[in-house]
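Numbering (our numbering), first residue to last: 8 to 112.
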């Protein structure tokens, strides 16, 4: 039986012979860009990120309706949403002040 390492090296050489050198060069450049992007310091996020509230609400409702637990998860979620202090603690934002939930009438 052949040495597994030698077999792997043979397979790698065979694959490299079949790859177009231009594609290989583009892949190497893309990998380099990804490595550079990961090592760069993160840019500051805008303070207010706009989003479509209705679309978000629809996605959450679709998710909750697709669960087959008799609404237990939805009820637990609603109870947890009434605890803004827990949310602040979970996200580690000690400086953020919890707000009182707004109830629509």
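C-beta: ideal position from N, C-alpha, C; glycine also.
This structure is a prediction, so every number in the text was calculated from the model and none was measured.
> Counting along the chain, where does the alpha helix (DSSP H) carrying residue 80 start and finish?
Replying inline: That run of the alpha helix (DSSP H) goes 79 to 88.
> Considering only the beta carbon of each residue, do residue 80 and residue 71 sit closer than 8 angstroms?
Replying inline: In this structure, residue 80 sits near residue 71, with a CB-CB distance shorter than 8 angstroms.
> Helix, strand or coil: which one does DSSP assign to residue 57?
Replying inline: Residue 57 falls in the coil class under three-state DSSP.
> alpha helix (DSSP H) containing residue 17: first to last residue?
Replying inline: First-last of the alpha helix (DSSP H) with residue 17: 11 to 25.
>> Quick check: what's the CA-CA separation for residue 14 versus residue 24?
In response: One C-alpha to the other measures close to 16 angstroms.
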